[in-house]
Amino acid sequence: MQRAALVTGAAGGIGAAIVAKLEADGWSVHGVDLADADVSTREGNQQVVAAALERFGRLDAVVANAGIQHVSSVRDFPEEQWDRLIAVLLTSPFLLAKYAWDALAASGDGRFCAISSAHGLVASPYKSAYVAAKHGVLGLVKTLALEGAEAGVTASAVCPGYVRTGLVEAQIAAQAAAHGMSEERVVEDVMLAAQPVKKMLEPAEVAGAVAFLLGPNGRGFNGSPLVMDFGWTAR
Ligand SMILES: NC(=O)c1ccc[n+]([C@@H]2O[C@H](COP(=O)([O-])OP(=O)(O)OC[C@H]3O[C@@H](n4cnc5c(N)ncnc54)[C@H](O)[C@@H]3O)[C@@H](O)[C@H]2O)c1
Numbered sequence: 633m634q635r636a637a638l639v640t641g642a643a644g645g646i647g648a649a650i651v652a653k654l655e656a657d658g659w660s661v662h663g664v665d666l667a668d669a670d671v672s673t674r675e676g677n678q679q680v681v682a683a684a685l686e687r688f689g690r691l692d693a694v695v696a697n698a699g700i701q702h703v704s705s706v707r708d709f710p711e712e713q714w715d716r717l718i719a720v721l722l723t724s725p726f727l728l729a730k731y732a733w734d735a736l737a738a739s740g741d742g743r744f745c746a747i748s749s750a751h752g753l754v755a756s757p758y759k760s761a762y763v764a765a766k767h768g769v770l771g772l773v774k775t776l777a778l779e780g781a782e783a784g785v786t787a788s789a790v791c792p793g794y795v796r797t798g799l800v801e802a803q804i805a806a807q808a809a810a811h812g813m814s815e816e817r818v819v820e821d822v823m824l825a826a827q828p829v830k831k832m833l834e835p836a837e838v839a840g841a842v843a844f845l846l847g848p849n850g851r852g853f854n855g856s857p858l859v860m861d862f863g864w865t866a867r
């Protein structure tokens, strides 16, 4: 029987790469994005799990990938942006796990994977909501691992450094304009300042890590993150 996965934030960037890789590996994949449902709401998370179950009649993996960013000092951070980031980056993974739990347990080898970040392990200024949520999702994954032991469900996370997606490309252009620097210098001196290796990951590399975690050799990764950050958090 073909294994079935649900992937959120699948319209582009890392999510689209995860869908493509899992399909290439033989998974049936239900990829969803804002056009299907808003995962910042309870109903949105309920809908996407229900739709995947209706489509495939089973669910063996959930990949909580949808994400947004807001950059501001704590002092000036808009409270509605805080609420929205926490909803998408932390509450959605919780609700996806909750609503998919029985199906993942019925799978016999259910897997949950969250796309956290190097910002799940260390902070950067002006990203309070993002950093808090990405740390929080690692706590969620640990809890799911403990609760899932009896049910046959495992949970893991991926912590990438910067990944070359549309969102990041837009940040490069904006920061280059703001700092009056070339795009190349902004990447090396500003965005990748904390990374010993001044390179960005490609979405396909993150997708490869997710496919590994969801595959037969990933079953032992439980409650722990797979860190792929070019040495950022080695300092
Ligand atoms: N790009 C990076 O450098 C990087 C690094 C580490 C972690 N991440 C994480 O990887 C994940 C994917 O990011 P990406 O870089 O591919 O970004 P992206 O903007 O290319 O993709 C994110 C997707 O999530 C969708 N989304 C956002 N809010 C949603 C909502 N409320 N309901 C449904 N869908 C929603 C967006 O429409 C978008 O298609 C995010 O969780 C992000 O935090 C990204």
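Heads up, the sequence shown is in my numbering, so the first residue is 633 and it goes up one at a time.
Just so it is clear, CB atoms sit at the ideal spot from N, CA and C, and this is done for glycine as well.
A quick note: this is a predicted structure, and the numbers were derived from the prediction, not measured.
What are the residues that DSSP puts in a beta bridge with residue i?
{"i": "Phe744", "result": "Val694 and Ala787"}
{"i": "Leu903", "result": "No information on residue 903 is available, as it lies outside the stretch 633 to 867 that the chain covers here."}
My output table needs one value for residue i: the three-state DSSP class, helix, strand or coil.
{"i": "His662", "result": "strand"}
{"i": "Ser760", "result": "helix"}
{"i": "Leu638", "result": "strand"}
{"i": "Ser672", "result": "coil"}
{"i": "Val928", "result": "Absent from the model: residue 928. The displayed extent of the chain is 633 to 867, so no value can be given."}
{"i": "Leu833", "result": "strand"}
{"i": "Ser704", "result": "strand"}
{"i": "Gly812", "result": "coil"}
{"i": "Ala777", "result": "helix"}
{"i": "Met823", "result": "helix"}
{"i": "Arg687", "result": "helix"}
{"i": "Phe726", "result": "helix"}
{"i": "Ala717", "result": "The displayed chain sequence assigns Leu, not Ala, to residue 717. Of the three classes helix, strand and coil, the one that applies to Leu717 here is helix, per DSSP."}
Using a 10 Å radius around the Cβ and a threshold of 16 neighbouring Cβ atoms, would you call residue i buried or exposed?
{"i": "Ala781", "result": "exposed"}
{"i": "Met832", "result": "buried"}
{"i": "Gln827", "result": "buried"}
{"i": "Val706", "result": "exposed"}
{"i": "Ala809", "result": "exposed"}
{"i": "Leu772", "result": "buried"}
{"i": "Asn849", "result": "exposed"}
{"i": "His811", "result": "exposed"}
For residue i and chain C, any beta-carbon pair shorter than 8 angstroms?
{"i": "Ala783", "result": "Here chain C cannot be found, since the structure has a single protein chain."}
Considering Cα atoms alone, identify which of the options is closest to residue i.
{"i": "Ser788", "options": "Ala841, Leu727 and Gly647", "result": "Ala841"}
{"i": "Gly644", "options": "Pro848, Glu834, Gly793 and Glu816", "result": "Glu834"}
{"i": "Phe709", "options": "Ser760, Ser739, Arg690 and Ala648", "result": "Ser760"}
{"i": "Ala656", "options": "Ala637, Gly641 and Asp668", "result": "Ala637"}
{"i": "Asp665", "options": "Ala683, Gly658 and Trp659", "result": "Ala683"}
{"i": "Leu824", "options": "Ala843, Arg796, Leu845 and Leu846", "result": "Arg796"}
{"i": "Asn697", "options": "Val661, Pro725 and Ser856", "result": "Pro725"}
Quick check: is any heavy atom of ligand 3 less than 7 angstroms from the C-beta of residue i?
{"i": "Ser760", "result": "This structure lacks ligand 3; its bound ligands are ligand 1."}
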